[in-house]
Structure formats: structure tokens, C-alpha cells
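Visitor:
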Amino acid sequence: MKVRVDSEICQGHGICHMTAPDLFLLKDEDGYAYVEREDVPAGQEDLAQLGADSCPEQAIIIY
Ligand code: SF4
Numbered sequence: 006m007k008v009r010v011d012s013e014i015c016q017g018h019g020i021c022h023m024t025a026p027d028l029f030l031l032k033d034e035d036g037y038a039y040v041e042r043e044d045v046p047a048g049q050e051d052l053a054q055l056g057a058d059s060c061p062e063q064a065i066i067i068y
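Per our numbering, numbering of the sequence shown is gapless, rising by one per residue and ending at 68.
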């Protein structure tokens, strides 16, 4: 499973980070979300999906 944040859509609410802080990080400069690695670590697939579901902008893509 892979995950990424579409930076064109992200509005920086930070809900993804509150849901899955180890997967979704927020940039210091603008508060927008990013992932360090697109490969979701084994066992964190549900958390990645939860983070994606939590995004009100649907900016998180699971593929
Ligand atoms: S919840 Fe969505 S819009 Fe908000 S910071 Fe995370 S990816 Fe961006």
C-alpha cells in the first residue's frame, strides 16, 4: 500500500496528522501535510486509511 498527499488540494487542517501522527507530518513553514515515505509500513495500513478518510479535502491518495 502506498499513500501520498496532494499538495495542490491540501488545506493544512492537520486532521490527518492528529489521526495518524507517525504517517502524516505537517510542514513547519506552511502547515501543509506530507508523508516521509509513500510506502505504508506493514501493520499501519488501517491507520493510513483512517487518515485518508479523515481528510475533509480528500487530499490523501491511497494507491
Ligand atoms: S487533513 Fe487533508 S487537508 Fe488537512 S492537512 Fe491533512 S491532507 Fe491536508
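By construction, the Cβ of each residue, glycine as well, lies at the ideal position given by its N, Cα and C atoms.
Ile65 lies in the beta strand (DSSP E); which residues open and close that run?
Guide: That run of the beta strand (DSSP E) goes 65–67.
Visitor: Check whether the Cβ of Val45 lies closer than 7 Å to any heavy atom of the ligand SF4, and answer yes or no.
Guide: Not so, every heavy atom of the ligand SF4 lies at least 7 Å from the Cβ.
Visitor: Output the distance between the C-alpha atoms of Lys7 and Leu52, rounded to the nearest integer angstrom.
Guide: Looking at the two C-alpha atoms, the distance is approximately 12 Å.
Visitor: Round the Cβ separation of Pro61 and His18 to the nearest angstrom and send it over; I've been treating them as touching at under 8 Å.
Guide: Pro61 to His18, Cβ: 6 Å. Contact.
Visitor: Whole angstroms are fine: how far does the CA of Tyr68 sit from the CA of Leu55?
Guide: Their backbone Cα atoms lie some 14 Å apart in a straight line.
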